[in-house]
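**Student:** Chains as they are written, first to last, in UniProt numbering: chain A, 1 to 344; chain B, 1 to 269. Backbone N, C-alpha and C define an ideal beta-carbon position, used for all residues, glycine too.
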Amino acid sequence: MGEGYFPSPFFTIRGYIMEQLKSSQDYDREYDKKKEKVKQKAPFFYKLRKTHKYQKYFFIFISLLLPLIFYLGIRVMPTLFTFNMGFREWNLLATGERPFVGLDNFVALFQDEVFLKSLLNTFIYIVIGVAGQLLFGITVALLLHKINRFKGLFRVIYFIPYVTSIVAISWVFQWLFMGNGFINDVLINIGLPPQPFLGSPDQALYVIAAAMIWQSIGFQMVLFLAGLGNIPQMLYEAADIDGASPWQKFWNVTVPLLNPTIVFSAIIGMITFIQVSFTQVINMSSDGSGGPLDSTISVVVYIYQQAFQQYDMGMASAATVILFLFILGLTIFQMKVLTKKFDY
Amino acid sequence: MKPGKLLPYIALIIGAVVMLFPFIWMLSTSLKAPMDIFNLNIIPESATLANYIEVLQESMFIRWFLNSVIIAVITTVSVIFFDTLVGYIIAKFTFFGRKFLFIVILSTLMVPVEMLIIPWYMMSSELGWTNTYWGILFPGLMTGFGVFLMKQFMEQIPEDLLNAARIDGMNEFSIFFKIAVPQVWPAISALGIFSFLSNWNAFLWPLIVTESSSLRTLPVGLSYFSSGEAESQWHLIMTGATISVIPLILVFILLQRHIIKGIVLTGMK
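Pasting the structure below:
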């Protein structure tokens, strides 16, 4: 048997005759049983081993070919290329060689006040943004968890900003917060002094951060609603028996059990705010490039200006390397600080 | 109703007004005549569609809209296909370099897209990809996030199910399409929604890689329109904003159940 299995001619002939005869149903059934026994599993295993192994590797190879080219060519290589460029003098306008200059670009960046400002601003956007969206997200989720009617309607309303274009929203906010816009009109009507908002170096950053938070509340709400739904009611009942106040229940039951959701949404929030801080700053700041007086500029906006307005790819790449380390550091920090083990 | 029960409703209604007001004000401004826009009336005294006619005739909003649809649809189909396939292979096969491949893909998650725009731009201008559809969409064709997500879901498919199909003589391609894929439909639709939304809203890369107005996507077009052609003409800017916001809101309201479920599903992984 094994690989060299050949069906005996005797069975073939007998099978042929039997097939022709098909005299009695009973006999047929018995014959089928015998046939199965004789054939056993040899040809099956043989086929599986030979064709299947070949087919499996063929499948894996064909399927991974394009993804491999994509990840290496469009993700990994460009990343390495950016690191390389960051250590070179590389201006698109200047022809000729691109000499290796060591840490010069990094030194120049840390002496550039605008860059330091952009780094600080990005940090503020992330801190205010993540804190704000967590706070409002949890609050809305807790409120929605309490009510029975119109739950679906509220959920849809709070979620709408998340699916709308950030560019469009930025212009709407700019329109609302203009010097003679709606918000100032309301302030004047109720007897308060009008505010410069986006025109003031002190306030513009916070207006932009508010727009970011406003847009992400819905997303956070959905995450936290799901997290709340996963907390067993039993724990609250146990807390009730122990005579815990609502505040104690929130801090000792809800928050610890929401911990995974909090970590997840803080990290997702950080990554989105770094991206959004470009779109929103370009479309909301008074001069369209991080003004007034660079008070709203973020690192991504700075990179964009260095690369596509100054054509200084070396400096821009060095700035992206710093941004990368910055994100890496913040992620590790968030995981360490926010992830705690609780015993129940 | 007890006052204690009413309180959450009041808070939620105030919040809902804050969430909806910018849209209402946007719509309201877009329906006003230019001299009325600084009035505080929410319902315009004499509503007019003149702004819409002007915006649609004078600028290329319809073209930008189509560009956005084309790019978001192509990238979403590609992301769904490749991420699901790669996730399946990493989850269900053992082969040389599997772990390494997975680590490479995961590590791309750590690198922000902003870091790659400079090499992408230089690559695109070298290869003549700037100012083409391909140039806009190539960075989004596959995502590390999607591979990771699909791997998590594919791991839950019982091995016996796949082996049973193999014993029945199904080839690997049909096993993937007919056995594995139907098991993870909810995750696939969630991935599709995320991919569509992020490509629809993408701003930085399309801004860099497009030059001619006719290739712009909706966000890039709207941004140029608002700071250029329509500068300070807020009735026109708000009309453009409404045109770019309303279709997606309508789609969302239609599909909201699936979208919210999808977010919950991915958030729990």
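Are proline 8(B) and lysine 249(A) closer than 8 Å when you measure CB to CB?
**Tutor:** Here residue 8(B) is taken as the residue at index 8 of the second sequence, counted from 1. Here residue 249(A) is taken as the residue at index 249 of the first sequence, counted from 1. Result no, Cβ atoms of proline 8(B) and lysine 249(A) do not sit closer than 8 Å.
**Student:** Could you check where the alpha helix (DSSP H) with glutamine 152(B) kicks off and where it finishes?
**Tutor:** Locating residue 152(B) in the second sequence gives position 152, counting from the first residue. Residues 144 to 154.
**Student:** Please report the residue range of the alpha helix (DSSP H) in which leucine 134(A) lies.
**Tutor:** Counting from 1 along the first sequence, the entry for residue 134(A) is found at position 134. Unbroken alpha helix (DSSP H) run through leucine 134(A): 113 to 146.
**Student:** What are the boundary residues of the alpha helix (DSSP H) that includes isoleucine 231(B)?
**Tutor:** Position 231 of the second sequence, counting from 1, holds the residue named residue 231(B). This sequence places glutamate at residue 231(B); isoleucine is not what is there. It is not in any alpha helix (DSSP H) - glutamate 231(B) carries neither H nor E in the DSSP assignment.
**Student:** So the candidates are Ala50(B), Phe82(B), Ile10(B) and Ser59(B); which of them puts its Cα closest to the Cα of threonine 29(B)?
**Tutor:** For the purposes of this step, residue 29(B) is identified with residue 29 of the second sequence, where counting begins at 1. Taking only the C-alpha atoms, the option nearest threonine 29(B) is Ala50(B).
**Student:** Taking the CB atoms as reference points, tell me whether isoleucine 274(A) and valine 300(A) lie closer together than 8 Å.
**Tutor:** Residue mapping note: residue 274(A) aligns to position 274 of the first sequence, counting from 1. Residue mapping note: residue 300(A) aligns to position 300 of the first sequence, counting from 1. Yes. Within cutoff.
**Student:** According to DSSP, is asparagine 131(B) part of a helix, a strand, or is it coil?
**Tutor:** As a first step, residue 131(B) is located in the second sequence; it is residue number 131 there, counting from the start. Note: asparagine 131(B) maps to coil in three-state DSSP.
**Student:** Beta-carbon separation of residue 272(B) and serine 165(A) under 8 Å?
**Tutor:** Past the boundaries of the shown model lies residue 272(B); chain B is included only from 1 to 269, so the question cannot be answered.
**Student:** Taking only runs that begin and end inside the segment 151 to 237 of chain B, name each unbroken alpha helix (DSSP H) of 4 or more residues, in chain order.
**Tutor:** Listed in chain order, the complete alpha helix (DSSP H) runs (minimum 4 residues) inside the segment 151 to 237 of chain B are 159 to 167, 185 to 201, 204 to 209 and 218 to 227.
**Student:** Taking all protein chains shown into account, do 16 or more other C-beta atoms lie within 10 angstroms of the C-beta of alanine 318(A), making it buried, or fewer, making it exposed?
**Tutor:** Indexing the first sequence from 1 puts residue 318(A) at position 318. With 16 or more Cβ atoms within 10 Å of its Cβ, alanine 318(A) is classed as buried.
**Student:** For serine 23(A), count neighbouring Cβ atoms within 10 angstroms of its own Cβ and tell me buried if that reaches 16, exposed if not.
**Tutor:** Start at 1 with the first residue of the first sequence, and residue 23(A) comes out as number 23. Its pLDDT being 49, under 50, serine 23(A) is placed unreliably by the model, and nothing is read from it.
**Student:** Judging by CA-CA distance, which residue of Leu144(A), Val163(A) and Val281(A) is the nearest neighbour of leucine 204(B)?
**Tutor:** By one-based count along the second sequence, residue 204(B) stands at place 204. Per the Cα distances, Val281(A).
**Student:** Which residue marks the beginning of the alpha helix (DSSP H) containing lysine 336(A), and which one marks its end?
**Tutor:** Taking the first residue of the first sequence as 1, we reach residue 336(A) at position 336. Run containing lysine 336(A): 313 to 338, per the alpha helix (DSSP H) assignment.
**Student:** Where does asparagine 91(A) sit, in a helix, a strand or coil, going by DSSP?
**Tutor:** Here residue 91(A) refers to the residue found at position 91 of the first sequence. DSSP places asparagine 91(A) in strand when its eight states are reduced to three.
**Student:** Quick one: measure Cβ to Cβ for serine 213(B) and threonine 75(B), integer angstroms, because I've assumed they're closer than 8 Å.
**Tutor:** Working through the second sequence from its first residue, we reach residue 213(B) at position 213. Working through the second sequence from its first residue, we reach residue 75(B) at position 75. Between threonine 75(B) and serine 213(B) the Cβ distance is about 22 Å, and since that is not below 8 Å, they are no contact.
**Student:** The alpha helix (DSSP H) spanning alanine 47(B) covers which residue range?
**Tutor:** Here residue 47(B) is taken as the residue at index 47 of the second sequence, counted from 1. That residue, alanine 47(B), is in no alpha helix (DSSP H); it is neither H nor E in DSSP.
**Student:** Buried or exposed for methionine 35(B), please, with buried defined as at least 16 other CB atoms from any protein chain shown within 10 angstroms of its CB.
**Tutor:** Residue mapping note: residue 35(B) aligns to position 35 of the second sequence, counting from 1. Flag for methionine 35(B) reads exposed.
**Student:** Does the Cβ-Cβ distance between proline 67(A) and phenylalanine 82(B) come in under 8 Å?
**Tutor:** Start at 1 with the first residue of the first sequence, and residue 67(A) comes out as number 67. Start at 1 with the first residue of the second sequence, and residue 82(B) comes out as number 82. It is a contact, given that the beta carbons lie within the stated cut-off.
**Student:** Would you kindly work out how many angstroms separate the C-alpha atoms of methionine 60(B) and alanine 230(B), rounded to a whole number?
**Tutor:** Sequence index remark: in the second sequence, residue 60(B) carries index 60 (1-based). Sequence index remark: in the second sequence, residue 230(B) carries index 230 (1-based). The straight-line gap from Cα to Cα measures roughly 13 Å.
**Student:** Which residue comes first and which comes last in the alpha helix (DSSP H) that contains threonine 79(A)?
**Tutor:** As a first step, residue 79(A) is located in the first sequence; it is residue number 79 there, counting from the start. Its alpha helix (DSSP H) spans residues 77 to 86.
**Student:** Within 10 angstroms of its Cβ, does asparagine 283(A) collect 16 or more other Cβ (buried), or is it exposed?
**Tutor:** As a working note, residue 283(A) is residue 283 in the first sequence. That one is buried.
**Student:** Let's test the definition: count the other Cβ atoms within 10 Å of the Cβ of aspartate 294(A) and tell me whether it reaches 16, buried, or not, exposed.
**Tutor:** Walking along the first sequence from the start, residue 294(A) turns up at place 294. Buried.
**Student:** Quick check on DSSP: helix, strand or coil for phenylalanine 95(B)?
**Tutor:** Taking the second sequence and counting its residues from 1, the one referred to as residue 95(B) is at position 95. Three-state DSSP puts phenylalanine 95(B) in coil, outside helix and strand.
**Student:** Closest by CA to glutamate 45(B), which one among Asn131(B), Ala33(B), Leu66(B) and Tyr52(B)?
**Tutor:** In the second sequence, counting from the first residue as 1, residue 45(B) sits at position 45. When each option's Cα is compared against that of glutamate 45(B), the closest is Ala33(B).
**Student:** How many angstroms separate the CA atom of methionine 178(A) from the CA atom of leucine 235(A)?
**Tutor:** Reading the first sequence from its first residue, position 178 is the one you call residue 178(A). Reading the first sequence from its first residue, position 235 is the one you call residue 235(A). Answer to the nearest angstrom: the Cα atoms are 49 Å apart.
**Student:** For isoleucine 24(B) and isoleucine 42(B), what's the separation of their Cα atoms in angstroms?
**Tutor:** As a first step, residue 24(B) is located in the second sequence; it is residue number 24 there, counting from the start. As a first step, residue 42(B) is located in the second sequence; it is residue number 42 there, counting from the start. Spanning the two alpha carbons is a distance of roughly 8 Å.
**Student:** Could you check if alanine 94(A) belongs to the surroundings of the ligand GTP, using beta carbon to heavy atom distance under 7 Å?
**Tutor:** For the ligand GTP, the structure offers nothing, since it holds no ligand at all.
**Student:** Under a three-way DSSP split, which group does phenylalanine 150(A) fall into?
**Tutor:** Start at 1 with the first residue of the first sequence, and residue 150(A) comes out as number 150. Correct three-state label for phenylalanine 150(A): coil.
**Student:** Nearest chain B C-beta to proline 193(A) closer than 8 Å, yes or no?
**Tutor:** Position 193 of the first sequence holds residue 193(A). It does not; no Cβ of chain B falls within 8 Å.
**Student:** Using 8 Å as the limit for Cβ to Cβ distance, is serine 24(A) near chain B?
**Tutor:** As a first step, residue 24(A) is located in the first sequence; it is residue number 24 there, counting from the start. For serine 24(A), the pLDDT reaches just 48, beneath the cut-off of 50, and the residue's location in the model is therefore unreliable, leaving the point undetermined.
**Student:** Counting only Cβ pairs nearer than 9 Å, list the residues of chain A close to tryptophan 25(B).
**Tutor:** Within the second sequence, numbered from 1, the residue matching residue 25(B) stands at position 25. Near tryptophan 25(B) (Cβ distances below 9 Å), the residues of chain A are Val172, Trp175, Leu176 and Phe182.
**Student:** Which stretch, first to last residue, makes up the alpha helix (DSSP H) that contains methionine 234(A)?
**Tutor:** Reading the first sequence from its first residue, position 234 is the one you call residue 234(A). That run of the alpha helix (DSSP H) goes 233 to 241.
**Student:** How should glycine 191(A) be labelled, buried or exposed, when 16 other C-beta atoms within 10 angstroms of its C-beta is the threshold for buried?
**Tutor:** Counted from its first residue, the first sequence places residue 191(A) at position 191. Answer is exposed; the Cβ neighbour count stays below 16.
**Student:** Quick check on DSSP: helix, strand or coil for serine 24(A)?
**Tutor:** Counted from its first residue, the first sequence places residue 24(A) at position 24. At serine 24(A) the pLDDT is 48, less than 50, meaning the model places this residue with poor confidence; the figure from the coordinates comes in the next sentence. Coil, per DSSP.
**Student:** Using the rule of at least 16 other Cβ atoms within 10 Å of the residue's Cβ for burial, across every protein chain shown, is methionine 110(B) buried or exposed?
**Tutor:** Counting from 1 along the second sequence, the entry for residue 110(B) is found at position 110. Classification for methionine 110(B): exposed.
**Student:** Measuring only between beta-carbons, confirm whether threonine 108(B) sits less than 8 Å from chain A.
**Tutor:** Numbered from 1 along the second sequence, position 108 holds the residue referred to as residue 108(B). Yes, because at least one Cβ of chain A sits closer than 8 Å to the Cβ of threonine 108(B).
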